Ligand code: GLP
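Residue numbers (my numbering): 1049 to 1280.
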């Protein structure tokens, strides 16, 4: 297995290490970054905003976007990325799936074609409590490409904290598929907090199963996992 686990009990050190990985990638010539959203990424983006790293010659592709809320909604991933990173650290080009497209399935196909035309140097990943990556919920085929998903009630409940009520949480999203994610040359997964223990323990165990999407990373040659969980 080519997963390198690093346990950092101090979150500040963990996120410094994440910046370090990204900085090394930049120095080595990486120009295409797969970005992620979620609470886990907030401290990382804060450190990137405060760093001297320059992404102005780089392009980004985000993992996913909700369907059914406008781009300028406070909880859209478009707004999240703008506020957390892009306003302070401009990229040459940024890409997210368009959750407002008239035909979201066509939009998913467009996004997949875009991904295939790029050489994704690094993909940042968080993980859901049920082991989802992007919005690839349990049972998603590992061969999946960018597609429209119906969010599970557990994911909607987990994300309800960002909305006024669970009823406001979108029911669908467009997400990179698992095979789209695995095409990245390097994957940097960050998992912080007890709620992520089951997912990370499954990864450490190395039993690859579509029931736990994050275990698909066991099939990838270059993965770094940064966690504060004492799992190794
Ligand atoms: C969402 C996102 C994922 C993210 C996950 C965990 O469902 N689509 O990309 O990894 O939530 O989020 P958090 O970091 O807030 O725990």
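Note that beta-carbon positions come from the ideal geometry of N, C-alpha and C, so glycine has one too.
Here the structure is a predicted model, which means the values were calculated and not measured.
Near the ligand SAH: residue i beta-carbon under 7 Å from a heavy atom
{"i": "residue 1055", "result": "This structure lacks the ligand SAH; the ligands present are the ligand GLP."}
Nearest to residue i (by Cα), restricted to the options the options
{"i": "residue 1261", "options": "1159, 1274, 1192 and 1241", "result": "1192"}
{"i": "residue 1272", "options": "1058, 1068 and 1060", "result": "1068"}
{"i": "residue 1250", "options": "1176, 1118 and 1213", "result": "1176"}
{"i": "residue 1219", "options": "1099, 1117 and 1173", "result": "1117"}
{"i": "residue 1107", "options": "1127, 1077 and 1089", "result": "1077"}
{"i": "residue 1279", "options": "1245, 1266 and 1180", "result": "1245"}
{"i": "residue 1237", "options": "1089, 1157, 1210 and 1216", "result": "1089"}
{"i": "residue 1123", "options": "1066, 1217 and 1144", "result": "1217"}
{"i": "residue 1153", "options": "1189, 1198 and 1181", "result": "1198"}
{"i": "residue 1121", "options": "1181, 1103, 1248 and 1210", "result": "1210"}
{"i": "residue 1149", "options": "1158, 1141 and 1142", "result": "1158"}
{"i": "residue 1086", "options": "1174, 1264, 1247 and 1263", "result": "1174"}
According to DSSP, residues forming a beta bridge with residue i
{"i": "residue 1052", "result": "1272"}
{"i": "residue 1170", "result": "1081 and 1234"}
{"i": "residue 1070", "result": "None; residue 1070 has no bridge partner."}
{"i": "residue 1239", "result": "1275"}
{"i": "residue 1142", "result": "1108"}
{"i": "residue 1037", "result": "Past the edges of the chain, shown from 1049 to 1280, lies residue 1037, and the structure says nothing about it."}
{"i": "residue 1114", "result": "1221"}
Cβ neighbours of residue i in the same chain (closer than 6 Å, five flanking residues each side left out)
{"i": "residue 1202", "result": "1178"}
{"i": "residue 1185", "result": "1200"}
{"i": "residue 1239", "result": "1175, 1248 and 1275"}
Residue i vs residue j beta-carbon contact at 8 Å
{"i": "residue 1163", "j": "residue 1224", "result": "yes"}
{"i": "residue 1092", "j": "residue 1074", "result": "no"}
{"i": "residue 1146", "j": "residue 1155", "result": "yes"}
{"i": "residue 1222", "j": "residue 1196", "result": "yes"}
{"i": "residue 1227", "j": "residue 1190", "result": "yes"}
Residue-chain proximity (residue i, chain B), Cβ-Cβ < 8 Å
{"i": "residue 1157", "result": "Note that chain B does not occur in the displayed structure, where there is just one protein chain."}
Spatial neighbours of residue i in its chain, beta-carbon cut-off 7 Å, leaving aside the 5 residues before and after
{"i": "residue 1267", "result": "1230 and 1256"}
{"i": "residue 1071", "result": "1101"}
{"i": "residue 1126", "result": "1113, 1119 and 1144"}
Residues near residue i by beta carbon distance below 8 Å, same chain, minus five either side
{"i": "residue 1214", "result": "1204, 1205 and 1208"}
{"i": "residue 1269", "result": "1050"}
{"i": "residue 1242", "result": "1277"}
Original post:
If we count Cβ pairs, one from each stretch, closer than 8 Å, do we get three or more for the segment 1079 to 1090 versus the segment 1107 to 1124?
Top reply: A contact exists between the segment 1079 to 1090 and the segment 1107 to 1124.
**OP:** Decide if the segment 1229 to 1245 is in contact with the segment 1161 to 1174; the criterion is three or more beta carbon pairs, one per stretch, under 8 Å apart.
**Re:** By the C-beta criterion, the segment 1229 to 1245 is judged to be in contact with the segment 1161 to 1174, since at least 3 inter-stretch pairs fall below 8 Å.
Subject >> Meets three-Cβ-pair contact criterion under 8 Å: the segment 1094 to 1102 and the segment 1136 to 1156 >> reply: In short, these stretches touch, since the Cβ pair count reaches three.
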